[in-house]
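Those letters in the sequence shown? Residues 461 to 605, per this note's numbering, in order. First up is the structure itself, then whatever we jot down about it.
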Amino acid sequence: MSLTKIFKLLIVISLVVTTACSSKKGDANVPFGSEGGPLADVNFTYDSYSIDAIAKSKIEGNVSWLKENDYSKVTVEGHCDERGTNEYNMALGLKRARAAYDELVGAGVPADKLSIVSYGEELPLDSSSSEAGWAKNRRVHFNVK
Numbered sequence: 461m462s463l464t465k466i467f468k469l470l471i472v473i474s475l476v477v478t479t480a481c482s483s484k485k486g487d488a489n490v491p492f493g494s495e496g497g498p499l500a501d502v503n504f505t506y507d508s509y510s511i512d513a514i515a516k517s518k519i520e521g522n523v524s525w526l527k528e529n530d531y532s533k534v535t536v537e538g539h540c541d542e543r544g545t546n547e548y549n550m551a552l553g554l555k556r557a558r559a560a561y562d563e564l565v566g567a568g569v570p571a572d573k574l575s576i577v578s579y580g581e582e583l584p585l586d587s588s589s590s591e592a593g594w595a596k597n598r599r600v601h602f603n604v605k
């Protein structure tokens, strides 16, 4: 076999291996969140940390994934929009993260797999100062490690 044929064969094999090993984003078993990753973000109304029916549904999907992937550890991140003081937003982000954490633990996710952090207004998804932007930023993100 010539070197050219061997080289071509190696290229084909590497393409097949690369394609076979790539992950499929959007797999029906993985509820992707707005920041990417395998868990769906939970959004909140203005000045609230209450888990509504939509948030509860997203958390239930996240619980299913976490139980199937019990090796994973997750940081529950609380976020806010830019309105309010930094101190207030840090406290509100913490309350949002705690509310989501409590739902996860209540549904059977081991507490030792979870940690909590508040970023307040410091890591916005949308930097526009508009109601649509603010709505995106009022969230809990689940960062899988």
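Backbone N, C-alpha and C define an ideal beta-carbon position, used for all residues, glycine too. Given the structure is predicted, the values throughout are model-derived calculations rather than measurements.
For residue 599 and residue 519, I'd like the C-alpha separation in whole angstroms. Residue numbering aside, residue 599 sits at position 139 when the sequence shown is read from its first letter. Residue numbering aside, residue 519 sits at position 59 when the sequence shown is read from its first letter. Roughly 12 Å between the two C-alpha positions.
Residue 498: buried (16+ other C-beta within 10 angstroms of its C-beta) or exposed? Walking along the sequence shown from the start, residue 498 turns up at place 38. Looking at its Cβ environment, which holds 16 or more other Cβ atoms inside 10 Å, residue 498 is buried.
Compute the Euclidean distance between the alpha carbons of residue 546 and residue 539, then round it to the nearest angstrom. Along the sequence shown, one-based indexing puts residue 546 at 86. Along the sequence shown, one-based indexing puts residue 539 at 79. So the two alpha carbons sit approximately 11 Å from each other.
Please say whether residue 543 and residue 509 have beta carbons closer to each other than 7 Å? Walking along the sequence shown from the start, residue 509 turns up at place 49. Walking along the sequence shown from the start, residue 543 turns up at place 83. No, the pair does not count as a contact, with Cβ atoms beyond the cut-off.
I think residue 569 touches residue 526, with their Cβ atoms under 8 Å apart; what is that distance to the nearest whole Å? Mapped onto the sequence shown, residue 569 falls at position 109. Mapped onto the sequence shown, residue 526 falls at position 66. That belief holds up - the Cβ atoms of residue 569 and residue 526 are roughly 5 Å apart, short of 8 Å.
Option nearest residue 517 by Cα separation, candidates 560, 597 and 594: Taking the sequence shown and counting its residues from 1, one reaches residue 517 at position 57. Closest option to residue 517, Cα to Cα, is 560.
Please classify residue 583 as buried or exposed, where buried requires at least 16 other C-beta atoms within 10 Å of its C-beta. Here residue 583 refers to the residue found at position 123 when the sequence shown is read from its first residue. Exposed: under 16 other Cβ atoms inside 10 Å.
Count the other CB atoms within 10 Å of the CB of residue 501; is the residue buried (16 or more) or exposed (fewer)? As a working mapping, residue 501 is identified with position 41 in the sequence shown. Note on residue 501: 16 or more other CB atoms within 10 angstroms of its CB, so buried under the neighbour-count rule.
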